[in-house]
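Encoded as structure tokens, the structure appears first; notes follow it.
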Amino acid sequence: MAGATTLRLGAAADFGQTRFEARAATRETPLVKWLILGTALTFFAVFLLMPLIAVFVEALRNGWETYATALVDPDALSALRLTLIAAAIALPLNLVFGVAAAWAIAKFEFRGKHFLITLIDLPFSVSPVIAGLIYVLVFGAQGWFGPWLAEHDLKIIFAVPGIVLATVFVTFPFIARELIPLMQAQGKEEEEAAVVLGANGLQTFWHVTLPNIKWGLLYGVILTNARAMGEFGAVSVVSGHIRGQTNTLPLHVEILYNEYQFAAAFAVASLLALLALVTLGVKTWVEHRAAHAQHDVSEGQS
Amino acid sequence: MAAARTFRMLPGFNLTLGYTLGYLSLIVLIPLAAVFLKTAELTLAEFWDVVTAPRVVASYKLSFGMSLLAAAINAVFGLMLAWALVRYSFPGKKLIDALVDLPFALPTAVAGISLTALYAKNGWFGQFLEPLGIQVAFKPLGVLVALVFIGLPFVVRTVQPILEDLDTELEEAATSLGAQRWQTFRHVILPILFPALLTGFALAFARAVGEYGSVIFIAGNIPMVSEITPLMIITKLEQYDYTGATAIATVMLILSFTLLLIINGLQAWTAKRTGRDR
């Protein structure tokens, strides 16, 4: 399922004409070209661009003062804090998992490898609502560990640990899915050379593997972070919506919206939209750098 | 089996594979198994009653119907957008290329309230559609709009790399053999693109069926009319009907796993057809 989000290398360079426009056999008549271009760009503008612009326009509808007030509201700040905490825990956990899984899968042969990759992909194909539900079934009051947790006065569901768990689940495959194909393509000759020369496992990983996978790793981290901070459905199920305690930023947006505080809801939403724009910016930059790195490697080999 | 064991030069196999399997089981497999175990507490007749209740069936029809329609719309317009991004040069192309991924990066709740604001009666789009008798927000059509938004990048991003790799020689050969441009597209380009297009369609559909955040704001959530299946799970949970919620989740999970298998098959087909790794 990660097929659509994986790192793209070497997007066509566009200096003036594309290589398809330069040849008579691969270009359309101007009328057809403008029809396709016009339709595609109109579709893009209506379905992607306008929703993005609307967030900022609605946020500033009542002026900057209302905007600022919404952002420094104690409930908004506590939601921001919880969002940062959830991402700060989920990210390193899935980073360690992603690297370990990619090492085992890319550097070694074993039976059931394809099945394992499919299992790692599972969280992508599960509805976010079900991602929340499964932890309610395990840790909720009526769940497997519910009575034991209540006895020991521990709370997971409708509390911060549940939110962290749900966030870990929905971002589970991102880094692993990015690293597995990358490390498979790179083979294991360089690592084997390092081991022959006397490096131990950690040294080999740190000095040989890591420099090779740094762009893919960064790419996975960005995607994980964006999803972790923006997750709504899964977190909504396990949160319990306690203001100032178990609300993340997306849940805070929902509460404000349902209370008809539209300007405030869009003000908080604009923070998340900014995060999305920064994510896309860094992502494009990483793609650019990774394409260059690959270009340099192929230059060096020829 | 001892004879089949090969010498492993690199260290860390047992550690990393062990960690991978342990973490995968704790976070994903065991909690997911809870859904099936909880459902097994129901008798078959009870299960059937829950998952075929009229309100639930109405939600399947809406979720599946709108997801199929949204994926089809995205297949057509996503192909056009990918085509424009690969084949034509125009100002702002790099920016648009980067923004195609917006639905991946924008939190679903933000997309949800923004689309609702656009299509509400007095919204930027709604005020023009309302006099024409077209209501989008709080109607099934609103669900469709949200699902189109969420699914678009899946089609563009699966088709785009295949289009970029396409050899111009193929089209030149077709043209020199006397093919019209449309014939070249229909008989040369489309067969190469088709597996990727189908994969993008399936990915967009799979995402749409499970989507929650961007849909619930614009859907209006009217029983029998504009309730999606994931919302039915939430509704059951809010009534503390855990077995009911789990039964519906089981139906959705089985569908998701089937789709995952189909998508894996489609990706293998794309790889075979185009010689790409993924």
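From first to last, the protein sequence lines are chains A and B.
In my numbering, each number is its position in the first sequence, counted from 1, plus 4.
In my numbering, each number is its position in the second sequence, counted from 1, plus 191.
Ideal placement from N, C-alpha and C gives every residue a C-beta, glycine not left out.
All values reported here derive from a predicted model rather than from experimental measurement.
So, with DSSP's three-state summary, where would you put residue 127 of chain A? If DSSP states are grouped into helix, strand and coil, residue 127 of chain A belongs with the helices.
Extent of the continuous alpha helix (DSSP H) run through residue 159 of chain A: Where residue 159 of chain A is concerned, there is no enclosing alpha helix (DSSP H), given that its DSSP letter is neither H nor E.
For residue 267 of chain B and residue 65 of chain A, I'd like the C-alpha separation in whole angstroms. Looking at the two C-alpha atoms, the distance is approximately 36 Å.
Cutoff 6 Å; reference residue 477 of chain B; Cβ partners in own chain excluding five residues on either side: No information on residue 477 of chain B is available, as it lies outside the stretch 192 to 469 that chain B covers here.
Rounded straight-line distance, which links the Cα of residue 449 of chain B to that of residue 456 of chain B: Between residue 456 of chain B and residue 449 of chain B, the C-alpha separation is close to 11 Å.
Please list the partners that residue 433 of chain B has in chain A, where partner means a Cβ-to-Cβ separation under 8 Å. In chain order: 140, 141, 144 and 146.
Rounded straight-line distance, which links the Cα of residue 203 of chain A to that of residue 274 of chain B: Roughly 48 Å between the two C-alpha positions.
Assigned secondary structure, residue 238 of chain B (DSSP; H/G/I helix, E/B strand, else coil): DSSP places residue 238 of chain B within a helical segment (H, G or I) once states are collapsed to three.
Would you mind sorting residue 312 of chain B into buried or exposed? The rule is 16 or more other CB atoms within 10 Å of its CB. By the 16-neighbour rule on beta-carbons within 10 angstroms, residue 312 of chain B is exposed.
Please check if any C-beta of chain A sits within less than 8 Å of the C-beta of residue 315 of chain B. Yes, its Cβ sits closer than 8 Å to a Cβ of chain A.
Which residues of chain A have a Cβ atom closer than 8 Å to the Cβ of residue 455 of chain B, listed in chain order? Under the 8 Å cutoff, chain A gives 122.
Suppose the cutoff is 8 Å on Cβ atoms and the five residues either side in sequence are ignored; what does the same chain contact list for residue 310 of chain B look like? Spatial neighbours of residue 310 of chain B in its own chain (CB-CB distance under 8 Å, excluding positions within 5 residues in sequence) are listed in chain order as 316, 317, 320, 327, 328, 333, 336 and 409.
Comparing alpha-carbon positions, which option in B/435, B/459, B/444 and B/452 lies nearest residue 238 of chain B? Selection B/435, B/459, B/444 and B/452 evaluated against residue 238 of chain B yields B/435 as nearest (Cα-Cα).
Can you check whether the C-beta of residue 54 of chain A is within less than 8 Å of a C-beta belonging to chain B? In terms of beta-carbon proximity, residue 54 of chain A lines the interface with chain B, with at least one pair separated by less than 8 Å.
Count the other C-beta atoms from every protein chain shown that fall within 10 angstroms of the C-beta of residue 213 of chain B, then say buried if there are 16 or more, exposed otherwise. Residue environment for residue 213 of chain B: exposed (fewer than 16 other C-beta atoms within 10 angstroms of its C-beta).
By the DSSP assignment, the alpha helix (DSSP H) with residue 51 of chain A in it spans what residues? Here residue 51 of chain A belongs to no alpha helix (DSSP H), and DSSP marks it neither H nor E.
Can you tell me the Cα-Cα spacing of residue 255 of chain A and residue 246 of chain A, whole angstroms? When rounded, the distance between both Cα atoms is 10 Å.
Pair every Cβ in the stretch 292 to 303 of chain B with every Cβ in the stretch 342 to 362 of chain B, then say whether three or more of these pairs are closer than 8 Å. Short answer: they touch.
Is the CB of residue 338 of chain B under 8 Å away from at least one CB in chain A? Output row for residue 338 of chain B: interface = no.
Since residue 55 of chain A and residue 340 of chain B are thought to touch, with beta carbons under 8 Å apart, how far apart are those beta carbons, to the nearest angstrom? Rounded, the Cβ-Cβ distance is 7 Å, consistent with contact.
Using the beta-carbon count (16 or more within 10 Å), is residue 429 of chain B buried or exposed? The residue is exposed, with fewer than 16 neighbouring Cβ atoms inside 10 Å.
Compare the C-alpha of residue 28 of chain A against each of B/460, B/361, B/459 and B/416 and name the closest. When B/460, B/361, B/459 and B/416 are compared, the shortest CA-CA separation from residue 28 of chain A is found for B/361.
Please classify residue 2 of chain A as buried or exposed, where buried requires at least 16 neighbouring CB atoms within 10 angstroms. Residue numbering for chain A in the displayed model covers 5 to 306; residue 2 of chain A lies beyond these limits and cannot be assessed.
Out of curiosity, what's the CA-to-CA distance linking residue 308 of chain A and residue 342 of chain B? There is no way to answer for residue 308 of chain A, as the model of chain A reaches only from 5 to 306.
Nearest chain D C-beta to residue 127 of chain A closer than 8 Å, yes or no? Of the chains in the structure shown, none is chain D; the protein chains are A and B.
Contacts around residue 427 of chain B, its chain only, beta-carbon distance under 6 Å, and the 5 residues preceding and following it disregarded: For residue 427 of chain B, same chain residues with a beta-carbon under 6 Å away, outside a window of 5 residues either side, are 435 and 436 in chain order.
Where residue 194 of chain A sits in the DSSP three-state scheme: In this structure, residue 194 of chain A counts as helix in the three-state DSSP scheme.
With a Cβ-Cβ cutoff of 8 Å, do residue 229 of chain A and residue 176 of chain A count as a contact? No, they are not a contact pair.
Take residue 210 of chain B and list the residues in its own chain whose beta-carbon comes closer than 6 Å to its own, dropping the five residues that flank it on each side. Closer than 6 Å at Cβ, skipping near neighbours: no residue.
Where does the unbroken alpha helix (DSSP H) through residue 24 of chain A begin, and where does it stop? Counting along the chain, residue 24 of chain A falls outside any alpha helix (DSSP H), and DSSP gives it neither H nor E.
Residues in the stretch 147 to 175 of chain A having any Cβ partner in chain B nearer than 8 Å: Within the stretch 147 to 175 of chain A, the qualifying residues are 147, 148, 169, 172 and 173.
Taking the Cβ atom as the reference point for each residue, do residue 243 of chain A and residue 250 of chain A lie within a distance shorter than 8 Å? Their beta carbons are under 8 Å apart, which means residue 243 of chain A touches residue 250 of chain A by this criterion.
Near-chain A residues of the stretch 274 to 285 of chain B - C-beta to any C-beta below 7 Å: Flagged, chain order: 274, 275, 277, 278, 279, 280, 281 and 284.
Quick check on the burial criterion: 16 or more other C-beta atoms within 10 angstroms. Buried or exposed for residue 200 of chain B? Only exposed fits residue 200 of chain B, as fewer than 16 other CB atoms lie within 10 angstroms of its CB.
How is residue 425 of chain B classed by DSSP in three states: helix, strand or coil? Looking at residue 425 of chain B - three-state DSSP - the assignment turns out to be helix.
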